[in-house]
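Using the working numbering, read the sequence shown as starting at 3 and increasing by one per residue. Here a beta-carbon is modelled for each residue, glycine too, at the ideal position from N, C-alpha and C.
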Amino acid sequence: MITSYSESRNRAFENLHAKDKVRLRNAATGELLHMSGETLTRSIEYAWLGSRHQAEQLRKRAEVNGSDWPFTAIHRSLIENDYPVEKTGPEA
3 MITSYSESRN
13 RAFENLHAKD
23 KVRLRNAATG
33 ELLHMSGETL
43 TRSIEYAWLG
53 SRHQAEQLRK
63 RAEVNGSDWP
73 FTAIHRSLIE
83 NDYPVEKTGP
93 EA
């Protein structure tokens with residue numbers, strides 16, 4: 003039974019650290035930032051996932067480089083599988 007305890011403990015640990023994660027969604031197109039940080043995707047499997055602090059750092063980096071930043075941080079629980087929810091607010 004130690005194995006099952008270990009698995010549930012690991013799952014609880016992962017859930018604890020994943021609860022505040024966000025994805026970056028382009029409000030105009032509904033597409034998500036790809037995990038590479040360079041392109042867009044509609045698939046959650048390949049979408050960027052990080053904390054709000056990391057998202058803010060990416061925005062600042064784009065600002066310094068003079069790049070456009072069309073993304074809004076959306077809490078991961080508000081995005082459905084395979085298709086971003088279009089009705090979420092800017093700060094979920």
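Run of the beta strand (DSSP E) containing residue i, from where it starts to where it stops
i, result
"HIS36", "That residue, HIS36, is in no beta strand (DSSP E); it is neither H nor E in DSSP."
"ARG27", "24-28"
N- and C-terminal bounds of the alpha helix (DSSP H) containing residue i
i, result
"ALA57", "54-67"
Proximity to residue i [Cα-Cα], best of the options
i, options, result
"LEU35", "ASP22, LYS21, SER45, TRP50", "TRP50"
"SER69", "GLU9, GLU33, GLY39, GLU47", "GLY39"
Backbone secondary structure at residue i - three-state DSSP
i, result
"LYS21", "coil"
"LEU51", "coil"
"ILE76", "strand"
"GLY91", "Residue placement at GLY91 is poorly supported in this model, since its pLDDT is 43, which falls under 50; the coordinates still yield a value, given next. Reduced to three states, the DSSP call for GLY91 is coil."
Presumed contact (8 Å Cβ cut-off) between residue i and residue j, rounded CB distance
i, j, result
"ALA14", "PRO72", "Contact doesn't hold; Cβ gap of about 36 Å is too wide."
"ASP22", "SER53", "6 Å"
Q) Quick one: any contact between the segment 19-38 and the segment 50-67, if contact means 3 or more CB pairs under 8 Å? A) Below 8 Å, enough C-beta pairs join the segment 19-38 and the segment 50-67 to call them touching: three or more.
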